[in-house]
């Protein structure tokens, strides 16, 4: 019995010791847990405080300008939110290829969330359209594009800085019938719709019971606009018809007709004249009709009514499909915003050289929705003269002018364009008198006379992907260096006051442009007044467009589509 009692006490002591150890361990666990909770709360609180300190940037649009801005933006110092009715970026220069199945639609789009995911999820994306910009309250009013699900559709976002990069819509010039009966080529959905309509035209044309005249009408494809988009689509359509469709629809191969209507004297009039002539000659050889000097006055369901400028005659052109590609216009909510800020009389939203919307602080605009309103040097000529005349003599020497020349060229880029276009390699050549003799100094009137023709070199930037992408990158760089440049300005001097601009103004650098003309031929206008045309240029086009894709996924898909088309031809399924 005594041994049993000893054993019982030992077991009791052992169990107590276990409870004590367990209690200590659990207490320690509770202490550690409590410390972790406190630390997590401190981290969350610190992040909330950091978020409050960070400025909030709202970006409207996911096109070339908006996507370029997001890719180059250092978001460690900002809270960034993106609003767009489409949740993808589209490589728009390849849309004409999508219309004919040379490239598939999925190959030219990259989901926005894939792009912002690479930024560690610090950018938030809302699939919605902007309805209104309220600059006074620093708000944007938005509406969800998904309307058949529960929940509110309308919401508002506050901003410290707003970046408007919504692109533009097609400009119909209020021509009757365009909206109802024409196809556009601005979005991926437009290209897919055109592809289905082309197949429909052929399927209808081969049905029994139609006359040859009806078949010709159904197979007459009209492109209004002889710019890069219209010309490239005409070339793609010609290749699609003659490489693929005539083999599938041999009974109507001689009834197909493609017509390009251009109001100007030449197609591709923004390109070098040599390229315009080459394109017109090639189109004539390929059987593509080019009608220049013609203005479309109305479009009906089966005909295009146009006026020939040279004769004043009105001509009716029957059609099976019309593609309208004549320029861009302002979106409705941007137009309302312009009315609110006093730009209602302008045709497009205006910014200064730093891409800030005029008379609207903290709002920036980039891409096709805006134009840079470059300041004329003659507006500041007296101020520049006064700043350069350091000895206050009332005259300006060559040395004094050279001291401010760099700042003048940065602030007024038209000066450099004027010097290059007139082959003036020395600044002293500006100060020559009427007899060609150099002057050592000039007065204010002579200074005005020397620079009086400089502003003639001012040109609006084209509404191209290249311009939009460069503007997005520039603006992102400004935000990335915001504090640094405000502390140590890097821009040109402020004429008329002390100090310098915080940033250098935006300067567009033209890297060339391509015009694919079908038949494995293309034309290119390259920097340095270089012009290239032919098959080798088409291969250059392939390499450049493949390298410009926003991801390796789309790059591989596009190259595969080109390879597939070469091996198997284009797909004619109506999907």
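In my numbering, the protein residues as written are 911 to 1485. Glycine is no exception: its CB is placed at the ideal position from the N, C-alpha and C atoms. This structure is a prediction, so every number in the text was calculated from the model and none was measured.
Neighbourhood of residue i by C-beta distance below 8 Å, restricted to the same chain and skipping five residues each side
i	result
residue 938	Only weak support is given to the placement of residue 938: the predicted model assigns it a pLDDT of 41, under 50, and the value that follows is read from those uncertain coordinates. Nothing meets the Cβ criterion.
residue 1019	998, 999, 1000, 1001, 1098, 1464
residue 948	Note on residue 948: pLDDT 49, under 50, position unreliable in the model; the coordinate value appears next. There are no such residues.
Distance, residue j Cα to residue i Cα
i	j	result
residue 1162	residue 1155	10 Å
residue 1297	residue 1258	34 Å
residue 1362	residue 1203	34 Å
residue 1210	residue 1289	49 Å
residue 1003	residue 1444	19 Å
residue 1312	residue 1417	21 Å
residue 1227	residue 1213	5 Å
residue 1160	residue 1476	21 Å
residue 967	residue 1143	37 Å
residue 1376	residue 1280	14 Å
residue 1148	residue 1120	24 Å
residue 1164	residue 1157	12 Å
residue 1457	residue 1292	48 Å
residue 1355	residue 1340	13 Å
residue 950	residue 1390	Because the pLDDT of residue 950 is 46, which lies under 50, any placement of that residue in the model is unreliable, and the number read from its coordinates should be weighed accordingly. The straight-line gap from Cα to Cα measures roughly 30 Å.
residue 1473	residue 1116	30 Å
residue 892	residue 1436	Any property of residue 892 remains undetermined from this structure, which presents the chain solely from 911 to 1485.
residue 1007	residue 1017	11 Å
residue 1050	residue 1305	52 Å
residue 1295	residue 1184	42 Å
residue 1481	residue 1366	50 Å
residue 1122	residue 1085	30 Å
residue 1182	residue 1191	15 Å
residue 1045	residue 1270	7 Å
residue 1379	residue 1073	14 Å
Start and end residues, beta strand (DSSP E) containing residue i
i	result
residue 1476	No beta strand (DSSP E) holds residue 1476; the alpha helix (DSSP H) holding it covers 1462-1478.
residue 1256	Unbroken run through residue 1256: none, as it is neither H nor E.
residue 1132	1130-1134
residue 1120	Unbroken run through residue 1120: none, as it is neither H nor E.
residue 1199	1199-1202
residue 973	Neither: residue 973 is in no beta strand (DSSP E) and is coded neither H nor E.
residue 1493	What the structure shows of the chain is the stretch from 911 to 1485, and residue 1493 is not part of that stretch, so it cannot be assessed.
residue 1171	1167-1172
residue 1071	1071-1074
residue 869	With the chain represented from 911 up to 1485, any question about residue 869 goes unanswered, as that position is not in the structure.
residue 1213	1213-1218
Close-in-space but distant-in-sequence residues of the same chain around residue i (CB under 7 Å, 5 per side omitted)
i	result
residue 1063	1053, 1054, 1057
residue 1189	1141, 1177, 1178, 1425, 1427, 1433
residue 1145	1426, 1427, 1428
residue 1033	980, 985, 990, 992, 1026
residue 1038	993, 995, 1052, 1053, 1054, 1055
residue 1351	1305, 1306, 1307
residue 1381	975, 1265, 1276, 1277, 1416
CA nearest to the CA of residue i, picked from the options
i	options	result
residue 1075	1445, 1452, 1333, 1261	1261
residue 1410	1354, 1316, 1431	1316
residue 1300	1452, 1406, 1147, 1167	1406
residue 1219	1036, 1459, 1173	1173
residue 983	1351, 1084, 1386	1386
residue 1217	1049, 1201, 1090	1201
residue 1336	1308, 1072, 1324	1308
residue 1470	1012, 1449, 1044	1012
residue 1403	1314, 1124, 1107	1314
residue 1180	1422, 1453, 1224, 1014	1422
6 Å CB neighbourhood of residue i in its chain, flanking five on each side removed
i	result
residue 1238	1078, 1081, 1278, 1373
residue 1061	none
residue 1215	1207, 1208, 1226
residue 1395	1412, 1413
Residue-level contact to chain B via CB, residue i, 8 Å cutoff
i	result
residue 1386	Included in the structure is just one protein chain, with no chain B present.
Distance between beta carbons of residue j and residue i, contact taken as under 8 Å
i	j	result
residue 1282	residue 1274	12 Å between Cβ atoms; not a contact.
residue 1109	residue 1484	5 Å
residue 994	residue 972	4 Å
residue 1133	residue 1233	5 Å
residue 1310	residue 1319	Rounded, the Cβ-Cβ distance is 16 Å, inconsistent with contact.
residue 1231	residue 1111	6 Å
residue 1169	residue 1235	Not quite, the Cβ-Cβ distance comes to about 13 Å (not below 8 Å), so this is no contact.
residue 1253	residue 1284	In fact, because the Cβ distance is near 16 Å, the residues do not count as touching under 8 Å.
residue 1124	residue 1167	Their Cβ separation, rounded to whole angstroms, is 14 Å, which puts residue 1124 and residue 1167 out of contact at 8 Å.
Boundaries (first-last residue) of the alpha helix (DSSP H) holding residue i
i	result
residue 1309	1308-1321
residue 1001	Taken as a continuous stretch (DSSP letters only), residue 1001 belongs to no alpha helix (DSSP H), as it is neither H nor E.
residue 1392	1392-1397
residue 1248	1242-1250
residue 1185	1183-1196
residue 1448	1445-1457
residue 1040	Counting along the chain, residue 1040 falls outside any alpha helix (DSSP H), though it belongs to the beta strand (DSSP E) covering 1033-1044.
residue 1024	1022-1027
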